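Chains A and B, in that order, are what the protein sequence lines are. Each residue of the first sequence is one higher than the one before, starting from 56 at the first, in our numbering. Each residue of the second sequence is one higher than the one before, starting from 56 at the first, in our numbering. Positions of the beta carbon are idealized from the N, C-alpha and C atoms, including for glycine. In this text, all values refer to a predicted model and were calculated from it rather than measured experimentally. Here's the structure, in structure tokens; my notes come after.
Number of protein chains: 2
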Amino acid sequence: MADINVGRNILEANERLAAEHRRRFAQAGVKVLNLISSPGAGKTSLLEQTLSRLAGRLRCAVIEGDIQTDEDARRVAACGVRAVQIETQGACHLDGAMLAQALEPLDLAALDLLIIENVGNLVCPVDFDLGEDLKVAVLSVAEGDDKPSKYPALFREAGVLLVNKIDLLPYVSCDLERIHRTCRALNPKQVAFDVSCKTGEGLPAWVDWLESWVKG
Amino acid sequence: MADINVGRNILEANERLAAEHRRRFAQAGVKVLNLISSPGAGKTSLLEQTLSRLAGRLRCAVIEGDIQTDEDARRVAACGVRAVQIETQGACHLDGAMLAQALEPLDLAALDLLIIENVGNLVCPVDFDLGEDLKVAVLSVAEGDDKPSKYPALFREAGVLLVNKIDLLPYVSCDLERIHRTCRALNPKQVAFDVSCKTGEGLPAWVDWLESWVKG
Numbered sequence: 056m057a058d059i060n061v062g063r064n065i066l067e068a069n070e071r072l073a074a075e076h077r078r079r080f081a082q083a084g085v086k087v088l089n090l091i092s093s094p095g096a097g098k099t100s101l102l103e104q105t106l107s108r109l110a111g112r113l114r115c116a117v118i119e120g121d122i123q124t125d126e127d128a129r130r131v132a133a134c135g136v137r138a139v140q141i142e143t144q145g146a147c148h149l150d151g152a153m154l155a156q157a158l159e160p161l162d163l164a165a166l167d168l169l170i171i172e173n174v175g176n177l178v179c180p181v182d183f184d185l186g187e188d189l190k191v192a193v194l195s196v197a198e199g200d201d202k203p204s205k206y207p208a209l210f211r212e213a214g215v216l217l218v219n220k221i222d223l224l225p226y227v228s229c230d231l232e233r234i235h236r237t238c239r240a241l242n243p244k245q246v247a248f249d250v251s252c253k254t255g256e257g258l259p260a261w262v263d264w265l266e267s268w269v270k271g
Numbered sequence: 056m057a058d059i060n061v062g063r064n065i066l067e068a069n070e071r072l073a074a075e076h077r078r079r080f081a082q083a084g085v086k087v088l089n090l091i092s093s094p095g096a097g098k099t100s101l102l103e104q105t106l107s108r109l110a111g112r113l114r115c116a117v118i119e120g121d122i123q124t125d126e127d128a129r130r131v132a133a134c135g136v137r138a139v140q141i142e143t144q145g146a147c148h149l150d151g152a153m154l155a156q157a158l159e160p161l162d163l164a165a166l167d168l169l170i171i172e173n174v175g176n177l178v179c180p181v182d183f184d185l186g187e188d189l190k191v192a193v194l195s196v197a198e199g200d201d202k203p204s205k206y207p208a209l210f211r212e213a214g215v216l217l218v219n220k221i222d223l224l225p226y227v228s229c230d231l232e233r234i235h236r237t238c239r240a241l242n243p244k245q246v247a248f249d250v251s252c253k254t255g256e257g258l259p260a261w262v263d264w265l266e267s268w269v270k271g
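Structure follows, in structure tokens:
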């Protein structure tokens with residue numbers, strides 16, 4: 056969401072909450088991811104695959120942001136992981152106030168990793184810092200290779216890029232190398248993984264990286 | 056974008072501009088579509104396919120909304136159709152003020168149909184009336200069949216639903232009937248077409264419907 060639409064006071068209030076949350080996460084020793092993508096890029100499938108692979112390796116919990124329904128929280132809970140649902144009731148992103156409520160039932164000190172699945176939106180969530188340690192951008196190859204140049208803010212800010220649904224590459228017109236070239240130009244320090252939640256390809260490398268990052 | 060994020064005065068100012076635009080469109084005798092979807096659902100490909108099929112049948116122009124780049128306007132212009140680009144510079148939707156500027160170079164009275172391609176975003180554009188006659192929702196089967204229930208506002212307000220990329224159905228887990236069932240429940244009057252810009256399936260039916268609607 057751009058500055059012309061969000062009042063400066065809204066963003067400043069959010070920054071204050073983000074700083075509070077950041078202090079609280081650091082104190083508890085929990086690492087926090089903010090997972091951002093378009094609707095349908097596969098964030099929830101990625102969560103299911105990631106959490107089942109991390110079982111016994113990291114103590115995880117998830118906060119699920121959705122405009123409506125608690126479908127995603129139920130899918131995550133089915134992996135044996137604590138999931139707290141935020142229904143935004145129309146809002147296009149999560150903010151610090153919503154996060155504060157969702158954190159209430161969680162014992163942060165008992166966690167290694169908290170993953171926040173943001174509302175499906177390639178634009179607005181980027182402007183709302185949640186106090187996370189890392190933004191993870193998810194892009195499905197079915198969305199096309201022009202998305203990083205057309206929606207650069209997320210791809211500039213994300214520390215990790217997951218290019219998902221690579222099993223669809225034979226059936227869609229998407230130049231994987233163009234995605235990586237654009238993203239490297241936007242953020243040369245970004246770590247990138249090509250993955251498929253259908254075939255499992257690339258997931259072990261991503262999960263191993265994530266475990267090292269949390270423990271590092 | 057939800058009320059909690061958009062000040063009431065912003066929405067009220069937009070409503071006033073929308074009413075002005077609606078009067079202007081009616082006076083010129085031009086029908087106006089507002090095309091809304093997630094990033095990568097295939098709006099621009101649909102435009103290319105629709106405009107080439109409408110050549111010689113309707114006098115068309117396009118307004119292209121993008122956060123950054125003018126790639127889409129160049130793709131549309133390559134179809135021989137006048138395209139005006141709006142680069143929103145970060146904003147997550149088009150509004151009446153941006154539209155007013157984009158309308159300046161267009162001779163509305165010389166047009167039958169004006170198509171506005173909104174910013175790729177399944178949430179925020181819905182709240183900003185552009186004075187259009189019809190909202191058209193585009194959903195790719197690669198996004199999954201849960202999207203209408205998770206992002207209901209667009210699917211409730213859209214007069215037409217285009218389910219795109221049906222050529223991918225054998226390769227993705229998407230129950231087409233679930234999409235239609237959810238959308239019919241949200242808006243029983245909605246007209247729906249299943250289409251593929253790759254194979255051309257369903258496009259003649261959509262384009263014939265569109266021509267009748269514009270002339271009707």
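Spatial neighbours of residue i within its chain, please: C-beta separation below 7 angstroms, excluding the five flanking residues on both sides.
i: B:Gly199; result: Cys229
i: A:Ala73; result: Gly151, Asp184, Leu185, Gly186
i: A:Asp58; result: The predicted model places A:Asp58 with a pLDDT of 40, which falls under 50 and marks its position as unreliable; any figure quoted below should be read in that light. Nothing meets the Cβ criterion.
i: B:Cys134; result: Glu103, Leu106, Ser107
i: A:Arg130; result: Thr99, Glu103
i: A:Ala260; result: Phe248
i: A:Gly145; result: Ile122
i: B:Leu234; result: Looking at the sequence shown, residue 234 of chain B is not Leu but Ile. Only Leu194, Asp200, Pro203, Val218 meet the Cβ criterion.
Pull up the distance between the alpha-carbon of residue i and that of residue j, whole angstroms please.
i: B:Arg79; j: B:Ala132; result: 24 angstroms
i: B:Val181; j: A:Gln82; result: 41 angstroms
i: B:Thr99; j: A:Lys270; result: 44 angstroms
i: A:Leu224; j: A:Glu232; result: 12 angstroms
i: B:Leu209; j: B:Val178; result: 7 angstroms
i: A:Arg71; j: B:Ser204; result: 33 angstroms
i: B:Val227; j: B:Gly95; result: 16 angstroms
i: A:Thr237; j: B:Val196; result: 26 angstroms
i: B:Leu161; j: B:Leu217; result: 27 angstroms
i: A:Val191; j: A:Asn173; result: 10 angstroms
i: A:Asp222; j: B:Leu241; result: 33 angstroms
i: B:Trp268; j: A:Ser92; result: 35 angstroms
i: B:Arg63; j: A:Cys147; result: 16 angstroms
i: B:Leu154; j: A:Ile171; result: 35 angstroms
i: B:Asn176; j: B:Lys202; result: 12 angstroms
i: B:Glu67; j: A:Ile65; result: 19 angstroms
i: B:Arg211; j: B:Asn89; result: 14 angstroms
Kindly list the residues whose CB is nearer than 6 angstroms to the CB of residue i, restricted to its own chain and excluding five residues on each side of it in sequence; keep chain order.
i: A:Val87; result: Phe80, Leu169, Glu187, Asp188
i: A:Arg112; result: Glu266
i: B:Asp137; result: Correcting the residue type first, residue 137 of chain B is Arg in the shown sequence and not Asp. Ala116.
i: B:Asp125; result: Gln140
i: A:Gly255; result: none
i: A:His76; result: Gly186
i: A:Leu258; result: Gln104, Val250
i: A:Asn69; result: Asp150, Gly151, Phe183
i: B:Pro207; result: Leu241
i: B:Leu15; result: There is simply no residue 15 of chain B to check, as chain B begins at 56 and stops at 271 in what is shown.
i: B:Ala128; result: Glu119, Ala138, Gln140
i: B:Val246; result: Val215
i: B:Leu158; result: none
Please work out which residues of its chain come closer than 8 angstroms, Cβ to Cβ, to residue i, disregarding the five sequence neighbours upstream and downstream, and give them in chain order.
i: A:Leu109; result: Cys115, Leu168, Val262, Leu265, Glu266
i: B:Ala164; result: Ala83, Gly84, Val85
i: A:Lys244; result: Gly214
i: B:Cys252; result: Gly97, Ser100, Leu101, Glu103, Gln104, Asn219, Lys220, Leu258
i: A:Glu142; result: Asp121, Ile122, Gln123, Thr124, Asp125
By DSSP's criteria, residue i is part of a beta bridge. Which residues make up the other side?
i: B:Val246; result: B:Val215
i: B:Glu142; result: B:Asp121
i: A:Ile171; result: A:Asn89, A:Ile118
In the DSSP assignment, the alpha helix (DSSP H) including residue i goes from what residue to what residue?
i: A:Val267; result: A small fix is needed here, since residue 267 of chain A is Ser in this sequence, not Val. Segment 258–270, the alpha helix (DSSP H) holding A:Ser267.
i: A:Gly255; result: It is not in any alpha helix (DSSP H) - A:Gly255 carries neither H nor E in the DSSP assignment.
i: B:Leu154; result: 151–158
i: B:Val234; result: Per the sequence shown, the amino acid found at residue 234 of chain B is Ile instead of Val. Looking at the DSSP string, the run of the alpha helix (DSSP H) that includes B:Ile234 is 231–241.
Measuring from the CB of residue i, is there a heavy atom of the ligand SAH at a distance below 6 angstroms?
i: B:Val131; result: This structure does not include the ligand SAH; it has no bound ligands of any sort.
Entirely enclosed alpha helix (DSSP H) segments - the stretch 66–138 of chain A, minimum 4 residues:
98–109, 126–132
Those runs of the beta strand (DSSP E) which lie wholly inside the stretch 173–204 of chain A and span at least 3 residues:
Qualifying beta strand (DSSP E) stretches, in chain order: 189–195.
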